Structure formats: C-alpha cells, structure tokens
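Colleague:
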Amino acid sequence: MGLDKLKPAKGSKHRKKIVGRGVGSGHGRTSTRGCKGQKSRSGDGSKKIGFEGGQTPVFRRIPKRGFSNRFCREYEIVNVDKLNKFETGAEITPALLKEAGFVAKTKLVKILGAGDVKKSFTVKATAFSKSALDKIKAAGGKTEIVK
1 MGLDKLKPAK GSKHRKKIVG RGVGSGHGRT STRGCKGQKS RSGDGSKKIG FEGGQTPVFR
61 RIPKRGFSNR FCREYEIVNV DKLNKFETGA EITPALLKEA GFVAKTKLVK ILGAGDVKKS
121 FTVKATAFSK SALDKIKAAG GKTEIVK
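Numbering (full-length UniProt numbering), first residue to last: 1 to 147.
1. How many angstroms separate the CA atom of D44 from the CA atom of T56?
2. Using DSSP bridges, identify the partner residues of Q55.
3. Counting only runs that start and end within the region 64 to 134, where is the beta strand (DSSP E) found for 3 or more residues in a row?
4. Please state the DSSP three-state secondary structure of K5.
5. Where G140 and R65 are concerned, what is the direct C-alpha to C-alpha distance, given to the nearest angstrom?
6. For V109, tell me which candidate among E87, I145, G34 has the shortest Cα-Cα distance.
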C-alpha cells in the first residue's frame, strides 16, 4: 500500500452545500434561508446576549442598587469559646478549625472574642479581634497571624 492509495473512511467526508446558484439547483432564490426576517439577512443572524427582540431587556428594567467592593476580604469567623473544644497546649490552625467543622474554607479565618477561654493554646489565624487577643493572652495562650 502506498500513500497514493490512502482514502478517508466512507461517509466521513461530506460535500459542502452550494447555495445561491439559481432556482434550478434547488438552493436558489432565498438560498435555504426562508423568507424575510433577521436570520435571512447577511450578518444579522446573531443577537447580543440579553436581547429581547427590541423590548427593553430585563437587566435594564430592574433597578440597580448597592455597591460591591471587589477588594473586600470576607473572613470565616470563630468565637474564642469554641476553641475550648481543643486540648490544652494545642496549636490551632485554620486547617484544624476546618477539620473540627468550625469553618468551611481555610483561606481567611478571624477569631472573635465572644465567650471565655478556659485553656491555654497557640492560635494561628489571619486576623484577631482586640477582645479575642486579650482573652487568649489572659488564659496563658499565644496568638500568631498567618498570611
């Protein structure tokens, strides 16, 4: 077998439909586009996203309110009273808090000061409130900010 004998598999190649070559061809006159309308015109077939046929689109009808700060940092919060679940002297990290089910993600964790701390441990988190820092230090623990 030589390269000159190679052929594509039967049925894998299709002849391109030729339109607009007269009525006798079967694809003349309107060239398979039907009659009139947007899709029969050249270059007008596609519409913009949200186009509603000339009616005012829904995104222009509804009121726009508020502001979304794209530099906002959303923290997962944990109160200090929940930290009592861990053993004395433990090193509490965002990964450990996720494992315990206190946070859903380990990205940004902030410790807040609601409740009391009864044990001393090392807490590593992205941020701490002032009251949380005071309560952890008063119980003999340490705090460390991780990025």
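Using N, Cα and C, we set each Cβ at its ideal position, and we do this for glycine too. Quick caveat: nothing in here was measured; it's all calculated off a predicted structure.
Modeller: The short version:
1. If you draw a straight line from the Cα of D44 to the Cα of T56, it comes to about 19 Å.
2. Answer by DSSP bridge pairing, in chain order: E52.
3. For the region 64 to 134, whole beta strand (DSSP E) runs of length 3 or above, ordered along the chain, are 76 to 79, 109 to 112, 122 to 125.
4. Residue state, collapsed to three classes: helix.
5. So the two alpha carbons sit approximately 48 Å from each other.
6. Selected option, being the one with the closest Cα: I145.
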